[in-house]
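Numbering (the working numbering), first residue to last: 253 to 471.
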């Protein structure tokens, strides 16, 4: 039975499937000049995956469902929360997908709360204002599987993107880059060399703290 379940009914996943193009003819329409494109404000793109990996525990899997709640009647509730945590031996990996036609230039940003901002999570916002963070782009052409993600199994580094010092109460630009629709963008955030860094903040469905992307109009 085990062999049948592992082979006949194996979970092959959908990560390798190509995104079908729902925007047929739009590029030709706007490039022809027959239609004037509308003005579109930047879109906030939240990460599909945010997870922590640990350099001092390279085989330990990324935490999953840290704030899940179990109810005897309704089962498990998984709140829509994202966790940015960067410390000496803790890195955060974030993966985004861009899906919007004509919004194909992106900026990666950190957004941290200030002293007067609302924190919905029961977890406190912890931050060393002297923190220096290194941001790397990872070579991840398919969606990440958090169930198998660790420091050892994380995707290889493709390039170093930037070194920044984020500030509480502000939005810090990391980088701006092209982001064609349907593409994945995966980043790793680590402490800068020699930095006694600490950033630890949770977002919720109502608050946007941590690491995000903006998509900017390109048509």
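Heads up, the beta-carbon is just placed ideally off N, CA and C, and yes, glycines get one too.
(1) Alpha carbon to alpha carbon, how far is residue 458 from residue 373?
(2) Can you give the Cα-Cα distance for residue 394 and residue 387, rounded to whole angstroms?
(3) In this structure, does DSSP put residue 282 in helix, strand or coil?
(4) Please name the residue in 308, 410, 419, 277 whose C-alpha comes closest to that of residue 378.
(5) Just tell me which of 295, 275, 433 has its CA closest to the CA of residue 464.
(6) Return the chain-ordered list of same chain residues with a C-beta closer than 8 Å to the C-beta of residue 380, the five sequence neighbours on each side being excluded.
(7) Given this structure, state the Cα-to-Cα distance separating residue 287 from residue 467, to the nearest angstrom.
(8) What residue from 290, 427, 340, 274 has the CA that sits closest to residue 308's CA?
(9) For residue 366, collect the residues of the same chain with a Cβ closer than 8 Å to its Cβ; drop the 5 residues on either side in sequence, then sort them by chain order.
(10) Helix, strand or coil for residue 398, going by three-state DSSP, please let me know.
(11) In chain order, which beta strand (DSSP E) runs of at least 3 residues are fully inside the stretch 399-459?
(12) Around the Cβ of residue 279, are there at least 16 other Cβ atoms within 10 angstroms (buried) or fewer (exposed)?
(13) What does the Cβ neighbour count give for residue 299, buried or exposed, with the cut at 16 atoms within 10 Å?
(14) Taking the continuous beta strand (DSSP E) assigned at residue 337, which residues delimit it?
(15) Pick from 462, 439, 311, 433: whose alpha carbon is nearest that of residue 270?
(16) Within its chain, find whatever has a CB closer than 7 Å to the CB of residue 429; leave out the 5 residues flanking it on each side and keep chain order.
(17) According to DSSP, simplified to helix, strand and coil, what is residue 465?
(18) Please classify residue 453: is it buried, with 16 or more other beta-carbons within 10 angstroms of its beta-carbon, or exposed?
(19) I need the boundaries of the beta strand (DSSP E) containing residue 306, first residue and last residue.
(20) Would you identify the three-state DSSP class for residue 386, choosing helix, strand or coil?
(21) From the DSSP output, in three-state form, read off residue 377 for me.
(22) With a 10 Å radius around its C-beta and 16 neighbouring C-beta atoms as the bar for buried, classify residue 336 as buried or exposed.
Answer, in terms of the structure:
(1) Between residue 458 and residue 373, the alpha-carbon positions lie close to 10 Å from each other.
(2) 20 Å
(3) helix
(4) 419
(5) 295
(6) 448, 449, 450, 451
(7) 22 Å
(8) 340
(9) 420, 421, 422
(10) helix
(11) 409-416, 423-430, 436-443, 451-455
(12) exposed
(13) buried
(14) 334-338
(15) 433
(16) These residues qualify, in order along the chain: 358.
(17) strand
(18) buried
(19) Looking at the DSSP string, the run of the beta strand (DSSP E) that includes residue 306 is 301-306.
(20) Residue 386 falls in the strand class under three-state DSSP.
(21) coil
(22) buried
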